[in-house]
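Everything below concerns the one structure shown next.
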Amino acid sequence: MKVFSYLFFFALIALGVWSVRRCLRAIQVSRMDASSREAQFLLAASADLGNVNKASSPSAVQPSMGGKPSPMETELLAREERLVYLLLKVALPEFEVLTHVSSAKLLPRGEHLGLAVLDFVVCRKDFRPVAVVVLDRAGEPAHPSRSRALAELAGTGVKLAHWRVEQLPGRTAVRNWVLDDAIPGERRFAA
1129 MKVFSYLFFF ALIALGVWSV RRCLRAIQVS RMDASSREAQ FLLAASADLG NVNKASSPSA
1189 VQPSMGGKPS PMETELLARE ERLVYLLLKV ALPEFEVLTH VSSAKLLPRG EHLGLAVLDF
1249 VVCRKDFRPV AVVVLDRAGE PAHPSRSRAL AELAGTGVKL AHWRVEQLPG RTAVRNWVLD
1309 DAIPGERRFA A
């Protein structure tokens, strides 16, 4: 009878080990599938940045009455901004990503002398800011008001990064940067 009890006990252990390994394998396959879908999506989005679409060119837009484009013809984010937005949303699904936020919203009252518009603000679910991403575009001059606002933001404890559109960080680097509390201050991903 003891032998039967031991065999039954070992069979239960073997079944448990088998089911745990099967679940871990399924999780690994699911993560690989999600990672490949994400990579395909980001590759398609970045390829879309390189292609000039005739439908979105200014000459191809059919203006509505009065010669002005209707709200449905206006893009709120440029192509490279959409790519950065998607990168932030994929890397940080538990955070909210806001675009084109006034620096006055992040600074204490009376300190927003250098009023500027920030490209991206990463917030917790309760909309408390965690990080700010500023895009450095080639050929675009630095605005003094934006530089003042960024200098003021650096002292508030909100993480600040300057990214060049041509050299965006990877999803893991973005996630580590936002979730890493050990290294205070400004961190730059762009070389």
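Going by the working numbering, the sequence shown opens with residue 1129, and the numbers climb by one from there. All C-beta atoms, glycine included, are put in the ideal place defined by N, C-alpha and C. Keep in mind it's a predicted model, so treat the numbers as computed, not measured.
Asked: Proximity below 8 Å, CB of V1306 to CB of L1220; Found: yes
Asked: C-beta contact flag for E1261 and D1247 at 8 Å; Found: The sequence shown places Val at residue 1261, not Glu. Yes, these two residues count as a Cβ contact at 8 Å.
Asked: Separation of I1141 from F1132, as counted between CA atoms; Found: 14 Å
Asked: Option nearest G1227 by Cα separation, candidates D1308, E1294, V1249; Found: It should be noted that the sequence gives Thr, not Gly, for residue 1227. Closest option to T1227, Cα to Cα, is V1249.
Asked: Pairwise C-alpha distance: A1259 and S1231; Found: 12 Å
Asked: Distance between R1210 and N1181 (C-alpha atoms, nearest Å); Found: With a pLDDT of only 43 at N1181, under the threshold of 50, the placement of this residue in the model should not be trusted, and no figure is reported.
Asked: Proximity below 8 Å, CB of A1277 to CB of A1244; Found: yes
Asked: Closest residue to R1207 among V1293, D1308, G1298 (Cα-Cα distance); Found: V1293
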